Amino acid sequence: MQSFTKISLLAIGISLAAGANAASDKLNIYTWAESIDPVLIEKFQTETGINITLDSYTSNEDLLAKLKSGSSDYDVVFPSQHFVKIMVQEGLLKNIDAKNMAAFKLVDEQWKNMWWDQKSEYSIPFVYGTAGYTVNRDKYKGPANSWKEFFEPTGAAIGNIAVFSTPDEIIPAAQLYLGVEFCTEDSAQMKRIFELLKKQKKDVAVYSSDNISSRIASGEVVMHNWWDGDSMRTRKNNNAPIEYAQPKEGLVGWLDSMVVPINSRNVDNAKTFINWMSETDNATIEYNYYAHSSAVKIDQSKALHQAENSPEIFPSAPIKFTQACSPAAQKLVDKVWTQLLQ
Amino acid sequence: MKKLSLNFWGLLPAYLVMSLLMVLPLLIIFYVSFMSSDPYGGYKAVFSLDSYTQILYSYDWDENLVLNLQYLKIIARTLLLSAATAIICLLISFPVAYYISRQSHTMKTLLLYLVTLPFWVSMVVRVYAWVLILSNDGVLENGLRFFGLIGDIDSLLYNNGAMMVGMVYTYIPLMILPIYASIEKLDSRLIEAASDLYSSRMNTLRRIILPLCKPGIVAGFVLVFVPSLGTVLEPMLLGGGKTMMLGNLIQNQFGVARNWSFGASLTVLLLCIVLIFLMFQARRTNLNKEFS
């Protein structure tokens, strides 16, 4: 009996070791939809022998919910600044000693030691950009230099607006328009936001953050909430008749960082990936593909997107970065959104 | 005794699968629904009935607790749309099932195969197919315009009609199959006898065929109505995400709204609705058996 127990323990031990071994050449990445150049994934796999599994999301809220459930198995994820702050607070991220990683030396000085990770322990800043809206110029000839056109549509835009399916960036946009502070805890101010969105709803065709490019490029809707680089990519690659608006009240800024979830089982691979993606050659390939501004150094001589041909990522409108709201402010955001979509 | 233990051991894998994959998750949901919610998702292990009171009462913009019917409205809409889906499915399915049952053996096999064919494709893909069909300059609009049937029209997508089309399409095989099964068993001599006795066609349908097919109709209704209650995809992709059904509300609580306890309490509520419906159904079936 005893020898039987020993043998089975041994068998379990061997299979566990084998499992650990098999896990060591794996890397599970959870990132924004269509954000990483497939060429880079291939290149990384051949150069390092690490196999990547790629999943994607379209909102920070989805990412937080996945990590919070505790059952996710991801090694690298890409939250925006305010969600990095929340995830650190909630103990969802691993301290990877970011400031001593090779990647950190390549990060642009202006993005080091920011408020969401003041000691640069958890995150390597990767890309940044804005959230605004895009108009289809075949269908809509009116002006696009204020949030007014989006929230109080006229002409061809009536009934043909598409809005993000989560409140994370649309409520800050509404706050910019009405001149309300981000993350306000003032219920009366948030009621104004609610009333604005409620009034806009009758002209909203769809609330969605998926498949935006086909919807706006085909003219299924004439205005769509969108991100700068994605809009530019569709304009350049598909020759789509679209324009990224430059609202004078401001664009909603975001910066996505590379971080490692607390229950990652391939931390070394995750760090290898983060360092590798930040190398100037790879960051430049990624910049040319993803079309969002890079937070790490790129090779300007090979960069496709320059100020003169890329108004989307070199905006004339001011940019205001979203913040991590207090629970009280977050509750008001949730209240606006639930009442809006009831 | 020996037989009993064989029964027990033989069914053990089934018991295990059921308790691990069904009973345990339900118990977890039940437990979470009585806990307080954590502002950033998850729950705190502190007993609270908030998630249940929230179904009826909520704080207004001036922080007063008031009766709030928004969630009841979503529940009512869910029940109504599910019932409508089941009824439309029934109206379409009955003639289809009847037609299939009157075909030759090979033809029957082929037609039944075609009815079940969509199940081989992922549901998300099937719903997206409807997005392509109904979208601006999509297959349907262009087709109708080609035949000169329509001029310039508003989008067919992102409204309640599109959502219903999607739901009916998704669930209709679940209605056709049980109705077909009961029509198959129908004794055709009864129909001949009815016509021998000068019953009109309508009368035969109403007094002979329909009562005999009732078990199939009821089974089909349950099979369509119950999963419709949990619909998530169609309101999101075809309805434009503007009006919620209970499934979307629950999904939102676990995602965007980060209120897991409330999501769990809504899930318990949905389960109760389904159970009440099924119990009512089972009682009626038993009564019918006693009478006959």
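Here the protein sequences line up with chains A and B, keeping their order. One rule links them: number in the numbering used here = place in the first sequence (from 1) + 502. One rule links them: number in the numbering used here = place in the second sequence (from 1) + 76. Note that the Cβ used here is the ideal one computed from N, Cα and C, for glycine as well. All figures in this text were calculated on a predicted structure; none of them were measured in a lab.
Item	Value
Run through chain B and tell me which residues come within less than 9 Å of W729 (chain A), C-beta to C-beta.	Those within 9 Å of W729 (chain A) in chain B number zero; the least Cβ separation is about 18 Å.
Using a Cβ-Cβ cut-off of less than 8 Å, give me the residues of the stretch 697 to 730 of chain A that come near chain B, in sequence order.	K703, V706, A707, V708, Y709, S710, S720, G721 and E722
Identify the contact partners of M320 (chain B) in chain A, using a Cβ-Cβ distance below 8 Å as the criterion.	L843 and Q844
Of the residues that make up the stretch 103 to 118 of chain B, which ones have a beta carbon closer than 8 Å to any beta carbon in chain A?	P115, Y116, G117 and G118
Mind checking whether G316 (chain B) and N212 (chain B) have CB atoms under 9 Å apart?	no
Use the C-beta contact count for N328 (chain B): other C-beta atoms within 10 angstroms, 16 or more gives buried, fewer gives exposed.	buried
How long is the line joining the alpha carbons of F546 (chain A) and N324 (chain B), rounded to whole angstroms?	38 Å
Since K750 (chain A) and A819 (chain A) should fall inside the 8 Å C-beta cutoff, what is the C-beta to C-beta distance between them, to a whole number of angstroms?	6 Å
Taking just the CA atoms, how far does K738 (chain A) sit from N140 (chain B)?	52 Å
If contact is defined by three or more beta carbon pairs under 8 Å, each pair taking one atom from either stretch, is the stretch 550 to 558 of chain A in contact with the stretch 531 to 539 of chain A?	yes
Taking DSSP as the reference, what is the three-state secondary structure of N638 (chain A)?	strand
Hey, is the stretch 676 to 687 of chain A in contact with the stretch 810 to 827 of chain A, meaning 3+ C-beta pairs nearer than 8 Å?	yes
Kindly give me the distance between the Cβ atoms of I626 (chain A) and I776 (chain A), rounded to whole angstroms, as I take these residues to be in contact under 8 Å.	5 Å
Give me the Cβ distance between E563 (chain A) and V332 (chain B), rounded to the nearest whole Å; I'm assuming they're in contact under 8 Å.	5 Å
Whole-angstrom Cβ separation of I718 (chain A) and T636 (chain A), contact assumed at under 8 Å?	6 Å
Quick one: what's got a C-beta closer than 7 Å to P194 (chain B)'s C-beta in the same chain, skipping five residues either side?	R202 and P249
Are there three or more Cβ pairs, one per stretch, closer than 8 Å when the stretch 708 to 715 of chain A is compared with the stretch 83 to 100 of chain B?	no
Do the stretch 654 to 664 of chain A and the stretch 609 to 623 of chain A meet, that is, are 3 or more Cβ pairs less than 8 Å apart?	no
Locate the beta strand (DSSP E) running through F823 (chain A), then write down its first and last residues.	I821 to F823
Hey, is S689 (chain A)'s beta-carbon within less than 9 Å of any beta-carbon in chain B?	yes
Between the stretch 578 to 594 of chain A and the stretch 353 to 361 of chain B, do three or more beta carbon pairs fall short of 8 Å?	no
Identify each residue in the stretch 823 to 834 of chain A for which the Cβ-Cβ distance to at least one residue of chain B is less than 8 Å, and report them in chain order.	P829, Q832 and K833
Note down the Cα distance separating D575 (chain A) from S795 (chain A), rounded to an integer number of angstroms.	29 Å
Interface residues of chain E around K641 (chain A) at Cβ under 9 Å?	Judged by its chain identifiers, the structure shown contains no chain E, and its protein chains are A and B.
By Cβ distance below 7 Å, which residues in the same chain neighbour S648 (chain A) in space, the five residues on each side in sequence not counted?	P749, K750 and E751
Using a beta-carbon distance cut-off of less than 7 Å, what residues from the stretch 663 to 679 of chain A approach chain B?	S667, T668 and P669
Quick one: which chain A residues come within Cβ less than 8 Å of D263 (chain B)?	Simply none; closest approach about 51 Å.
For P287 (chain B), which residues from the same chain have a beta carbon less than 7 Å from its beta carbon, with the 5 sequence-adjacent residues on both sides left out?	none
Can you pull the chain A residues whose beta carbon is under 8 Å from the beta carbon of Y91 (chain B), in chain order?	In chain order: nothing, as chain A lies at least about 25 Å away.
Please tell me whether, using a cut-off of 8 Å, the distance from the CB of T361 (chain B) to the nearest non-hydrogen atom of the ligand COA is below it.	Inclusion of the ligand COA in the displayed structure is not the case, the ligand content being empty and no account of it being possible.
Strictly under 9 Å for the Cβ-Cβ distance: is T343 (chain B) near chain A by that measure?	no
Under a three-way DSSP split, which group does G306 (chain B) fall into?	coil
Quick one: list the residues of chain A neighbouring D126 (chain B), beta-carbon separation under 8 Å, in chain order.	Per Cβ cutoff of 8 Å: no residues; D126 (chain B) is ~13 Å from chain A at best.
Report the neighbours of K120 (chain B) on chain A: residues whose CB is nearer than 9 Å to its CB, in chain order.	Chain A residues near K120 (chain B): none, gap ~12 Å exceeds 9 Å.
Would a check of beta-carbon distances place I588 (chain A) closer than 9 Å to chain B?	yes
How big is the Cα-Cα spacing for L92 (chain B) and Y791 (chain A)?	49 Å
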